[in-house]
Amino acid sequence: MKRVFSFILLFSFLLSACGAPAAALPTPLPTLPPTPTLPPQIYDDPNQPVEARIEDLLVRMTLDEKIGQMTQVEKNSVVSGDVTRYAIGSVLSGGGGSPAGNNTPEGWYEMVNGFQKEALATRLKIPIIYGVDAVHGHGNLLNATIFPHNIGLGAANDPELMERIGRATAEEILATGVHWNFAPMIAVAQDVRWGRTYEAYGEKMELVRPLGEAYVRGLQTIPSGVIPVAGQTLFSLATPKHYLGDGATLWGSSRTGEYELDQGNMQVNEETVRAIYLPPYKATVDAGAMSIMASFSSWKGTKMHGQKYLLTDLLKEELGFKGFIVSDWQAIDQINPDDYYSSVVISINAGVDMNMVPYDYVTFIETMHKAVSLGDIPMERIDDAVRRILRAKFALGLFENPMPDPALQSTVRSQEHLNLAREAVRKSLVLLKNEDNLLPIDKNTPLIFVAGVGADDIGLQNGGWTLEWQGRTGNEMAGRSILYGIKSMVGPQSQVIYNPSANFEEIKDEQGQPQVADLGILVIAENPYAEGVGDRADISLSAADRKALGLMRASAKKVLVILVSGRPLVLTDELPQIDALVAAWWPGTEGEGVSDVLFGDYPFTGKLSFSWPRNNEQLPINFYNSVDKTGCDAALFPFGYGLAFGESMPEIPECP
Ligand code: BGC
Ligand code: BGC
0 MKRVFSFILL FSFLLSACGA PAAALPTPLP TLPPTPTLPP QIYDDPNQPV
50 EARIEDLLVR MTLDEKIGQM TQVEKNSVVS GDVTRYAIGS VLSGGGGSPA
100 GNNTPEGWYE MVNGFQKEAL ATRLKIPIIY GVDAVHGHGN LLNATIFPHN
150 IGLGAANDPE LMERIGRATA EEILATGVHW NFAPMIAVAQ DVRWGRTYEA
200 YGEKMELVRP LGEAYVRGLQ TIPSGVIPVA GQTLFSLATP KHYLGDGATL
250 WGSSRTGEYE LDQGNMQVNE ETVRAIYLPP YKATVDAGAM SIMASFSSWK
300 GTKMHGQKYL LTDLLKEELG FKGFIVSDWQ AIDQINPDDY YSSVVISINA
350 GVDMNMVPYD YVTFIETMHK AVSLGDIPME RIDDAVRRIL RAKFALGLFE
400 NPMPDPALQS TVRSQEHLNL AREAVRKSLV LLKNEDNLLP IDKNTPLIFV
450 AGVGADDIGL QNGGWTLEWQ GRTGNEMAGR SILYGIKSMV GPQSQVIYNP
500 SANFEEIKDE QGQPQVADLG ILVIAENPYA EGVGDRADIS LSAADRKALG
550 LMRASAKKVL VILVSGRPLV LTDELPQIDA LVAAWWPGTE GEGVSDVLFG
600 DYPFTGKLSF SWPRNNEQLP INFYNSVDKT GCDAALFPFG YGLAFGESMP
650 EIPECP
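Numbering that gives the first Met the number 0 numbers the first residue of the sequence shown as 0 and each following residue consecutively.
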């Protein structure tokens, strides 16, 4: 009925546009033409096969509408009304892109719905798809459930856990109106100096592959109990990234010179690409991934966004990927920094289907127009890109259900999700040293000193990609700190005293002498970072960390160090001063998972998914180049290392 009405409106508009005399208005409604000129709308009918719906929609679309589908705009840049005006296909939140002043599930839902309404006001009513980086839970959402970063989940190495985390994350993004997660990152990361090390599960392909695959399944599989609309096959949309070899770049190879490793160059041969970097993509494609993000990095000096062989021949044709390739953030522009036109032509022809613009979408749209009209980008390429994007939108059921069920809002930080995050923290911990079985800690230890800002700071526990692109320190997010966990574990006779900088001289006994704690727990935390900003030549402990360790040593009989970090840190020289050492990675909001294991309620089961370097000079060291090394050339702790209670650290050779 609505359609008949709009047809009438269109008809009367056409009449007036054709020069019908003004005096004749208002005219009586015209009678309908004897046979409707519009064919039936197959694309609108959920009972038609998806491929038929896609073809039906495609023939109705103008070039403008097709280019619009290929455009993804950052939400702070999009001018109100432009989603309708340009028939934009997708909007995203970059790191920190929450709704200003209302960072709640409701605030998000309203924001996304606002964009969705603009999309549904277009001629063909094609819904947008909204994307975020929920890389360890919905990090942009205040008070989301934040899981350990992937480096910790790699240490946990539990595909079934990954699947549950994927599902929980899908629920929390859908609760905010968001269907699309730019995750998992399935880099096989070779150099821990990289600022994205923590976003990767590990340095070995065989570890990365099943974890990424399981996470995709978790995000995408429609849970039992959720009734899909006809044709819907996806719960939310995953994006394995960054294709291909983002973890294989060489130090100092970034073409812009902005970073050292990030966005740099991979220099290996095709055999190695196929053996190490490709298999996780094959696995996630086979598991039903419908979108993949291209990498900022290069292979043999050519930007991935322009690598037709890898994007089209290998991924789409050989692996049979039927979904769409989204560019990374303004990455197309880097193909040829001096010539935007050729950058766009090269990348779209190479196989990029949707451009994460993210700012100047009008220029992108105009450039695309020009390229198609000059024949530099063939119409078949445009149609192929649009088909792929529409396929994912149909698979999500967006045409029938452009906004998710708001009832999912009750899942955000639900007890079930918090329990899951806490379980993940427990499984991610790696015990590196445990002299004289210091761990598990006796719950009745009389006096425990705790030090380090990281002991009581949820922002430091969360690391990068949380609230902000670079992460944010402080206790803005709801969560339980490691200190909270320790305090809630000890018996009534135990005393826990916290001083961030390990100054305990003021703590005196009855005789006025400085007290020596039975146990000192020092949390050494890296400040959060993301991407190339976190590239570091020197990953050893800071002077402040070493000072705190010295102070703690002087104030406690035994010292336990907990590392809260996005990568292994070089601490060979400090190791003799440390009785027990635990890598907790960036555990997220549920710090009680740490104390669960420290006090022996649960076992240590985590194993290193990255080789632990002995010094900065030997970097990069990783599974593929360190297995045969021995003594001082070898890693301090090898890939796969991790103690259980009762086991002791092997002898570390003295080195010159
Ligand atoms: C990152 C991607 C991310 C995108 C959107 C880029 O800078 O490389 O991993 O998905 O930004 O935030
Ligand atoms: C955005 C991130 C993005 C980065 C790329 C930041 O401003 O928030 O999402 O990945 O820029 O440089």
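Cβ coordinates follow ideal geometry from the N, Cα and C atoms, glycine included.
Per DSSP, reduced to three states, the secondary structure at residue 517 is strand. Residue 428 carries a coil assignment under DSSP once its states are collapsed to helix, strand and coil. Within the same chain, Cβ atoms closer than 8 Å to the Cβ of residue 349 are found at 304, 305, 306, 307, 310, 311, the five residues on either side in sequence being excluded.
In terms of Cβ geometry, residue 184 and residue 202 do not form a close pair [threshold 9 Å]. The DSSP-derived three-state label of residue 450 is strand. If the five residues before and after residue 547 are omitted, its C-beta is found closer than 8 Å to the C-beta atoms of 450, 451, 500, 501, 521, 523, all from its own chain and listed in chain order. When DSSP reads this structure, residue 129 sits in a beta bridge with 90. Not one heavy atom of ligand 1 lies closer than 8 Å to the C-beta of residue 179.
Annotation for residue 108: 175, 176, 405 place their beta carbon closer than 7 Å to its own, counting only its chain and skipping 5 residues before and after. Put simply, the stretch 329-348 does not touch the stretch 46-65. Fewer than three CB pairs are less than 8 Å apart. Per DSSP, reduced to three states, the secondary structure at residue 464 is coil, with no helix or strand assignment. When distances are taken from the beta-carbon of residue 590 to the heavy atoms of ligand 1, even the shortest one reaches 8 Å or more. Taken in chain order, the unbroken stretches of beta strand (DSSP E) that lie wholly in the stretch 311-374 and span 3 residues or more are 323-325.
Only residues of its own chain outside the window of five on either side were considered, and among them 158, 161, 162 have a CB closer than 6 Å to the CB of residue 213, listed in chain order. Under the three-pair Cβ rule at 8 Å, the stretch 597-612 counts as touching the stretch 430-450. In the DSSP assignment, residue 73 forms a beta bridge with 91.
Burial check for residue 164: the Cβ neighbour count within 10 Å reaches 16 or more, so the residue is buried. Counted as a single uninterrupted DSSP element, the alpha helix (DSSP H) harbouring residue 112 occupies residues 104-119. Contact between the stretch 566-580 and the stretch 494-514 is not established, with fewer than three Cβ pairs separated by less than 8 Å.
For residue 299, there is no enclosing beta strand (DSSP E), as DSSP marks it with neither H nor E.
Residue 410 and residue 146 have their C-alpha atoms roughly 15 Å apart. In terms of side-chain proximity, the C-beta atom of residue 327 is found nearer than 8 Å to a non-hydrogen atom of ligand 1. When the five nearest sequence neighbours on each side are left out, the beta carbons in the same chain lying within less than 8 Å of the beta carbon of residue 475 are those of 141, 457, 458, 466, in order along the chain. Ligand 1 approaches residue 91 closely enough that one of its heavy atoms is under 8 Å from the residue's Cβ. Beyond the five residues adjoining it in sequence on each side, residue 357 comes within less than 8 Å, by CB distance, of 71, 72, 73, 76, 91, 93, 328, 329 in the same chain, given in chain order. DSSP, read as helix, strand or coil, puts residue 242 in strand. Residue 234 and residue 133 have their C-alpha atoms some 15 Å from each other. With 16 or more other Cβ atoms inside 10 Å of its own Cβ, residue 367 counts as buried. In this structure, residue 428 sits near residue 154, with a CB-CB distance shorter than 9 Å.
In the three-state scheme derived from DSSP, where H, G and I count as helix and E and B as strand, residue 52 is classed as helix. For residue 557, the enclosing beta strand (DSSP E) covers residues 555-563. Assigned with DSSP and collapsed to three states, residue 394 falls in helix. Between the stretch 208-222 and the stretch 277-293, the count of Cβ pairs shorter than 8 Å is three or higher; the stretches touch. When only Cα atoms are considered, residue 385 and residue 314 end up about 17 Å apart. For the pair residue 568 and residue 561, the Cα-to-Cα distance works out to about 12 Å. Checking the 8 Å criterion, the Cβ of residue 476 is out of range of every heavy atom belonging to ligand 1.
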